[in-house]
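Engineer:
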Amino acid sequence: MSRKPFVFLVIFAVISTCLSLAGCSVDEESFPELEFTYDTSETGISETSLTEDNYNDLHEINVALPLSDETVTLLMHLYYAKCNGMIAEEMNGSDISIEYLEAINTPWIVHSITTANTGASVQNLQDLSEDGAMPDIFLASDINDVTGEQLNIPLDSYLSNYPALNSSSVYLGALEALRDGNEHYGIPFYSTVYMLAGNRDFLPESGVPAFTLSPEELLDHISSIDSYSYDDGVSITRFYDADTLEGLVDESFIEALEDDQLSEQYDSYGADPRVSRTCGMWLMNSGEFDTWNSYYPDALYFVMLPTANVNAVVYPLCISSTCDDADFATDFASFICFDKDAQMLIHRVEELRGFFPSIPNQGVWVQMSDDPLFGSQTMLYEQYMNTADYVVAED
729 MSRKPFVFLV
739 IFAVISTCLS
749 LAGCSVDEES
759 FPELEFTYDT
769 SETGISETSL
779 TEDNYNDLHE
789 INVALPLSDE
799 TVTLLMHLYY
809 AKCNGMIAEE
819 MNGSDISIEY
829 LEAINTPWIV
839 HSITTANTGA
849 SVQNLQDLSE
859 DGAMPDIFLA
869 SDINDVTGEQ
879 LNIPLDSYLS
889 NYPALNSSSV
899 YLGALEALRD
909 GNEHYGIPFY
919 STVYMLAGNR
929 DFLPESGVPA
939 FTLSPEELLD
949 HISSIDSYSY
959 DDGVSITRFY
969 DADTLEGLVD
979 ESFIEALEDD
989 QLSEQYDSYG
999 ADPRVSRTCG
1009 MWLMNSGEFD
1019 TWNSYYPDAL
1029 YFVMLPTANV
1039 NAVVYPLCIS
1049 STCDDADFAT
1059 DFASFICFDK
1069 DAQMLIHRVE
1079 ELRGFFPSIP
1089 NQGVWVQMSD
1099 DPLFGSQTML
1109 YEQYMNTADY
1119 VVAED
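Position one of the sequence shown corresponds to residue 729 (this note's numbering), numbered consecutively onward.
(1) Under a Cβ-count criterion, where at least 16 other Cβ atoms within 10 Å of its own Cβ denotes burial, should A809 be classed as buried or exposed?
(2) Verify whether the separation of the beta carbon atoms of M1032 and L1108 is less than 9 Å.
(3) Sorted by chain position, which residues of the same chain lie with C-beta nearer than 6 Å to L856's C-beta, five sequence neighbours on each side aside?
(4) With DSSP as the reference, identify every bridge partner of T842, one or two as the case may be.
(5) What span of residues does the beta strand (DSSP E) with D1117 cover, start to end?
(6) In whole angstroms, what is the alpha-carbon distance linking Y918 and L1101?
(7) I'd like the span of the alpha helix (DSSP H) that includes S980, first residue to last.
(8) Check whether the stretch 1054-1070 and the stretch 991-1005 touch, using three or more Cβ-Cβ pairs below 8 Å as the test.
(9) I need the DSSP call for N872, collapsed to helix, strand or coil.
(10) Helix, strand or coil, according to DSSP, for L1011 in the structure here?
(11) Tell me the residue span of the beta strand (DSSP E) that contains A1057.
(12) Taking the alpha-carbon positions, what's the D1000 to A970 distance?
(13) Just to confirm my understanding: we take Y913, look at its own chain, exclude 5 residues before and 5 after, and list those with CB closer than 7 Å. What are they?
(14) Quick one: what's got a C-beta closer than 6 Å to Y1118's C-beta in the same chain, skipping five residues either side?
(15) Name the residue from N820, P1088 and L803 whose alpha carbon lies nearest to the alpha carbon of P916.
(16) Considering only DSSP beta bridges, list what R907 is partnered with.
(17) Using beta-carbon positions only, say whether R1005 and D929 come within less than 9 Å of one another.
(18) Is the beta carbon of W964 sitting closer than 9 Å to the one on S957?
(19) Is Q1095 closer than 9 Å to S849 when the C-beta atoms are compared?
(20) Determine the DSSP secondary structure at F740, reduced to helix, strand or coil.
(21) Using a Cβ-Cβ cut-off of 6 Å (strictly less than) and excluding sequence neighbours within five positions of H1075, which residues of its own chain qualify?
(22) Alpha carbon to alpha carbon, how far is V838 from V800? Give it in angstroms, no decimals.
(23) My assumption, with CB atoms under 8 Å, is that V1092 sits in contact with S1014. Please give the rounded CB distance.
(24) Is the stretch 933-943 touching the stretch 1071-1086 in the sense that three or more CB pairs, one from each, lie closer than 8 Å?
(25) On the criterion of 16 or more Cβ atoms from any shown chain inside 10 Å, does V1003 qualify as buried, or is it exposed?
(26) If A1070 and L803 are in contact, beta carbons under 8 Å, what's the gap, nearest whole angstrom?
(27) Give the straight-line distance between the Cα atoms of N910 and S1022, rounded to the nearest whole angstrom.
(28) In this structure, how does DSSP classify F967 when only helix, strand and coil are distinguished?
(29) Pick out the complete beta strand (DSSP E) segments inside the stretch 1015-1052, 3 residues or longer, and give them in chain order.
(30) How big is the Cα-Cα spacing for N1114 and D960?
(31) With L806 and L829 assumed to form a contact (beta carbons below 8 Å), what rounded beta-carbon distance in angstroms separates them?
(32) For V800, name the three-state secondary structure that DSSP assigns.
(33) Looking only at its own chain, which residues have a Cβ that is under 8 Å from the Cβ of N820, when we skip the five neighbours before and after it?
(34) So R1081 packs on D1055, CB below 8 Å; how close in whole Å?
(35) Counting only the same chain and skipping the five closest in sequence on each side, list residues whose C-beta sits under 7 Å from that of Q1105.
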């Protein structure tokens, strides 16, 4: 595989030299017809809105994503390479040479601003706009606020260029969560899920429970957590603040926690029991995994919420209402979200534990499941994402 890029560059240099000397006749077959095609069974994207005539036009856009400048540049180069047939069939985003991508000379220019994993707020965007740096593509932390301030545009006229967007290629629930009336105002970049974290320091004698439990089994487990630390007399909070579960689980489950006095909001000293490490279990978002895992190194276990469907939060890419190249911007944003090689590349070079892709591509999920810290949980959640209950992220 390493020889193909080199051979391509040599051939290109020879052809260019011949043309510049006007002494070389080139057979038309030397310039293959360029097509931007995908395996629809894996990505759901069969074509781009770009035409062959503008594959090499100059495009310059600004993006605000939770990715490094280097990653964004690699994604743009990968996008250009796939549009121009420069990727060998046996290559994919998990193994393509980074050096090869970096060496690609493209007329497409991208400027990057790195956001938090939860994206940019309305205030962030307004500040950037005042500084003359409003991004064309941005990850929105609260799409309802963004849309309310008319900072983004509806995308249906652009997404209609992708007829293969269907339930076999993308998680339609994530896409439909971004609908406002008759229009979609965002493209699902990734999703997180609500789950329960447990502290191994206060495991009952029964040990770590199964990852999936019925409401009754979970209540039994929480009630089995010893509510007192006999070493220093500090009271243990079995479950932190049942009110955080409101809207996520059946109300009867919350009532049972409260009736049985299994949940508290404060520890023995009036502080947050999660921070004082005197908490047995609590609700968390999978996007918080690295934070809690760093605070409780090798001390956590995880349990799904006892619900029929997984509760997921979708974070969208939006196109700015000030963007003057919306066709290209939407095409690039869709490529980032829905192309399997783009997703593989992202998860190869970025640590995004607990942030799940918007496509059910097996290769992407297998790559994520290899993560030594959160891989097993990722693998388990894969089977539930197609039927998850998606809601949009809010500030």
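Glycine included, C-beta positions come from ideal geometry on N, C-alpha and C.
Structural biologist: In this structure, then:
(1) It counts as buried.
(2) For M1032 and L1108, yes; Cβs fall inside 9 Å.
(3) M862
(4) L793
(5) D1117 -> beta strand (DSSP E) spans D1117 to V1120.
(6) 19 Å
(7) That run of the alpha helix (DSSP H) goes E979 to D987.
(8) No, the stretch 1054-1070 is not in contact with the stretch 991-1005.
(9) helix
(10) strand
(11) First-last for A1057: A1054 to F1066, but that is the alpha helix (DSSP H), not the beta strand (DSSP E).
(12) 13 Å
(13) I871, T875, N880, P882, L883, L906 and C1046
(14) G901, A902, A905, A1040 and V1042
(15) P1088
(16) H912
(17) Closer than 9 Å, so yes.
(18) Looking at the sequence itself, residue 964 is Ile, so the reference to Trp does not match. Yes. Within cutoff.
(19) no
(20) Note that F740 has pLDDT 40, beneath the 50 cutoff, so the model's placement of it is unreliable and the number below is only indicative. In this structure, F740 counts as helix in the three-state DSSP scheme.
(21) Q1095 and M1096
(22) 8 Å
(23) That pair is no contact at about 16 Å.
(24) The count of Cβ pairs closer than 8 Å, one atom from the stretch 1071-1086 and one from the stretch 933-943, stays below three, leaving the stretches out of contact.
(25) It counts as exposed.
(26) 6 Å
(27) So the alpha carbons of these two residues sit roughly 43 Å apart.
(28) Reduced to three states, the DSSP call for F967 is strand.
(29) 1028-1032 and 1039-1047
(30) Spanning the alpha carbons of N1114 and D960 requires a straight line of approximately 47 Å.
(31) 6 Å
(32) helix
(33) K1068, D1069, M1072 and G1091
(34) R1081 to D1055, Cβ: 34 Å. No contact.
(35) F1030
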